[in-house]
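Per the numbering used here, the sequence shown starts with residue -3, numbered consecutively.
Where is the CB? At the ideal position from N, CA and C, for every residue including glycine.
If you're wondering where the values come from, they're calculated on a predicted model, not measured in any experiment.
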Amino acid sequence: MNLESSRAAYASGAELNESTALHNPIEQLREWLELAYATPSIQEANAMCVATAQSDGTVSARMVLLRGLDERGLVFFTSYGSRKGRQIAENPRAAVTFYWPPIHRQVRVEGAVSQLPEDESDAYFATRPRGHQLSAWASEQGEPVEGREVLDERLVHFSERFDGEEVPRPHSWGGYLIAPDRFEFWQGRENRMHDRLEYIREGREWKVARLQP
Ligand SMILES: Cc1cc2nc3c(=O)[nH]c(=O)nc-3n(C[C@H](O)[C@H](O)[C@H](O)COP(=O)(O)O)c2cc1C
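Below you can see the structure in the form of structure tokens.
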């Protein structure tokens, strides 16, 4: 490891231009996600860092997986009682970052956060593997626990409780929708002269500006 001298050269030749960028940043994100998914060296192209903040200004960030993208915005699933859930309840906004190193691209998104309608959370929960569904019952995300064995016992407890039946979604677990009002697309370029396009929502339109690298 050499923190001071390791330097990646972003010289793929790819550019980001006002003339070719899509008018709708949600579609632009979809296009970049599709390339990230099609790039074999990228694992979990839908992994994103989500930052939230509470009313005293404390900020926290963590990775989650993007599970939905439509004209309303970005969807991820989690425990509503978690630290992020509590922060969102206090301050319903989030900032998101994707980074795909092999294609030298970063996307930043900011917006208002709301809980996804219950029927959509139910529908997604029903698609999860059974073990994942059971762990949503067994784990109170973010609460301290005396040891791993307590979690293992709780998993056994819930697998017995729901034996032979479908596992229902716990009400404490579900989706969040981030309704974006700002995007930034960053394409790494040679000599740190990167391309950055910012999209700011103005009513139903998006205003695009090039930012200095
Ligand atoms: C690649 C990756 C993907 C993750 N995806 C999720 C996710 O979709 N939902 C989730 O609740 N936690 C996910 N986690 C765990 C979170 O990073 C975090 O530990 C957890 O949500 C608790 O965060 P909090 O205490 O800030 O609420 C993921 C972690 C990694 C490394």
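Rounded to whole angstroms, what is the Cα-Cα separation between residue i and residue j?
i, j, result
"I174", "R63", "12 Å"
"S15", "R206", "12 Å"
"W202", "R68", "14 Å"
"P209", "R150", "50 Å"
"E161", "Y172", "27 Å"
"N13", "S117", "37 Å"
"V109", "A32", "25 Å"
"M44", "S78", "17 Å"
Please tell me whether residue i and residue j are closer than 9 Å, where the distance is taken between their beta carbons.
i, j, result
"R192", "W182", "yes"
"E40", "L18", "no"
"V163", "R126", "yes"
"W133", "F94", "no"
"H190", "Y6", "yes"
"A57", "V46", "yes"
Say yes only if the C-beta of residue i is nearer than 8 Å to one or more non-hydrogen atoms of ligand 1, and no if none qualify.
i, result
"A91", "no"
"F224", "The chain is shown only over -3 to 209; residue 224 falls outside these bounds and no answer can be derived."
"K203", "no"
"A121", "Note that residue 121 corresponds to Phe in the displayed sequence, not to Ala. No, the beta carbon of F121 sits no closer than 8 Å to any heavy atom of ligand 1."
"A43", "yes"
"E136", "no"
"V60", "yes"
"S78", "yes"
"E40", "yes"
(request) With a floor of 4 residues, list each alpha helix (DSSP H) that falls wholly inside the segment 156 to 186, ordered by position along the chain. (result) none
(request) Could you say if the segment 117 to 135 and the segment 80 to 90 meet the contact criterion of at least three C-beta pairs nearer than 8 Å? (result) The answer is no - the segment 80 to 90 does not touch the segment 117 to 135, with fewer than three Cβ pairs under 8 Å.
(message) Give the list of continuous alpha helix (DSSP H) stretches no shorter than 4 residues that lie fully inside the segment 83 to 125.
(response) At a cut-off of 4 residues, the continuous stretches assigned as alpha helix (DSSP H) that sit fully inside the segment 83 to 125 are 114 to 123.
(request) Pick out the complete beta strand (DSSP E) segments inside the segment 123 to 156, 3 residues or longer, and give them in chain order. (result) none
(request) For the segment 5 to 82, list the beta strand (DSSP E) runs that are entirely contained and at least 3 residues long, ordered along the chain. (result) Listed in chain order, the complete beta strand (DSSP E) runs (minimum 3 residues) inside the segment 5 to 82 are 43 to 49, 55 to 61, 64 to 66, 69 to 75.
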